[in-house]
Amino acid sequence: MNSVDFLFELTNDNRQLVFLYERGKKKLMDGARIAFTDDVDPSSIAGRIVECSWNKEEQCWSCMRIRSDKSTPNDINTYRKVMRSITDNITEEKLLEEIDEISLLPMYADRMQQAHTKMAQQQRRRLPPQC
């Protein structure tokens, strides 16, 4: 899942502040916004780590859950990798399809046959002797 853990804070005038870590210090993500479901009061989450996924339609982050197990947000480099993955739109399904296609290439045929032969030999060794 492409998600990022942010530190979420609110100003006195209820403006959202979204932070990551960079070199061990808080880094404000200017312009970043987190959308919450209607049943969530953002002021109750202020100062907490929030796991978010990117909402392409709304062009903002959507709160998935509160990370009570974490005290620090993700590093900026993690954020960059997640954004690259989102931009590349690499899904698990696409990745598995590519792996299947690659494994069928002739250069891997010998390796697949060798692995199959080796497994068959190991299974034969485990069989009890025949009478």
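Heads up: the sequence shown begins at 1 in full-length UniProt numbering, then just goes up one per residue.
Glycine is no exception: its CB is placed at the ideal position from the N, C-alpha and C atoms.
This structure is a prediction, so every number in the text was calculated from the model and none was measured.
| query | result |
| --- | --- |
| Alanine 35 by DSSP, collapsed to three states: which one? | strand |
| Assess contact between the region 67-84 and the region 17-25, defined as three or more Cβ pairs (one per stretch) separated by less than 8 Å. Is contact present? | yes |
| Measuring CA to CA, which of Glu58, Cys60 and Leu17 is closest to arginine 48? | Leu17 |
| Can you round the beta-carbon distance between valine 40 and phenylalanine 6 to whole angstroms, since I take them to be within the 8 Å contact cut? | In fact, because the Cβ distance is near 15 Å, the residues do not count as touching under 8 Å. |
| Sorry if obvious, but does the Cβ on leucine 17 come closer than 7 Å to a heavy atom of the ligand FAD? | Because no ligand of any kind appears in the structure shown, any question about the ligand FAD cannot be addressed here. |
| Compute the Euclidean distance between the alpha carbons of serine 8 and isoleucine 90, then round it to the nearest angstrom. | It is phenylalanine, not serine, that sits at residue 8 in the sequence shown. Going by the C-alpha atoms only, they are around 27 Å apart. |
| Determine the direct distance from the alpha carbon of arginine 126 to that of proline 85, and round the result to whole angstroms. | It should be noted that the sequence gives serine, not proline, for residue 85. Those two C-alpha atoms are separated by around 44 Å. |
| List the endpoints of the continuous beta strand (DSSP E) containing asparagine 55. | 48-55 |
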